[in-house]
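Undergrad: Numbering (UniProt numbering), first residue to last: 1 to 173.
#1: Reducing DSSP to helix, strand and coil, say where residue 163 ends up.
#2: Give me whichever residues DSSP pairs with residue 148 in a beta bridge.
#3: Taking just the CA atoms, how far does residue 60 sit from residue 108?
#4: With DSSP as the reference, identify every bridge partner of residue 89, one or two as the case may be.
#5: Secondary structure at residue 133, three-state DSSP: helix, strand or coil?
#6: Going straight from the alpha carbon of residue 135 to that of residue 123, what length do you get?
#7: Between which two residues does the beta strand (DSSP E) carrying residue 49 extend?
#8: Return helix, strand or coil for residue 157, following the three-state DSSP convention.
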């Protein structure tokens, strides 16, 4: 009986070890600007053998600095899909990291009213101080051709369609 238990235990251990590297999934989606680390345990189902593994980029233009992956010349990976692999000796286990921008621009200022001169163009960013890793654009309908007071909705968007709308009273004088 002891012999059977020993054989079963040994068989179980051999089978468990032969499972090898198993990824949590084949594609990971990360928000633009978030750190993407070269730590194998983040991508594995079982981190038992992670000390002998390393994560490498298979995509051109991706650098590894301080155990983080980033686009060359940037502090983060820009929006796109990137090929990576977990390397275990001569074996590679490929996976993809998709970087998406789903975050709306952030406005550093809240503005209730602005005053401009007749015929003057409005520099919306000088009032709202909006930022976004993907850049920002402003869209608003305001008539500055005559003196008036107008309630205006200013749509602040990034190039991936994320936006925030701010209401402001525009006094044209």
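Just so you know, even glycine gets a beta-carbon here, dropped at the ideal spot from N, CA and C.
TA: Let me spell this out:
#1: Translated into positions along the chain shown, residue 163 becomes position 163. Strand.
#2: As a first step, residue 148 must be located in the chain shown, where it is residue number 148. Paired residue(s): 172.
#3: As a working note, residue 108 is residue 108 in the chain shown. As a working note, residue 60 is residue 60 in the chain shown. Each residue's alpha carbon lies about 35 Å from the other.
#4: By 1-based counting over the chain shown, the position of residue 89 is 89. DSSP, once it has assigned bridges, lists no residue as partnering residue 89.
#5: Here residue 133 is taken as the residue at index 133 of the chain shown, counted from 1. The answer is coil: DSSP assigns residue 133 none of H, G, I, E or B.
#6: One-based indexing of the chain shown puts residue 135 at position 135. One-based indexing of the chain shown puts residue 123 at position 123. Roughly 15 Å between the two C-alpha positions.
#7: Walking along the chain shown from the start, residue 49 turns up at place 49. Per DSSP, residue 49 belongs to no beta strand (DSSP E) and is neither H nor E.
#8: Stepping through the chain shown from its first residue, residue 157 is reached at position 157. Note: residue 157 maps to strand in three-state DSSP.
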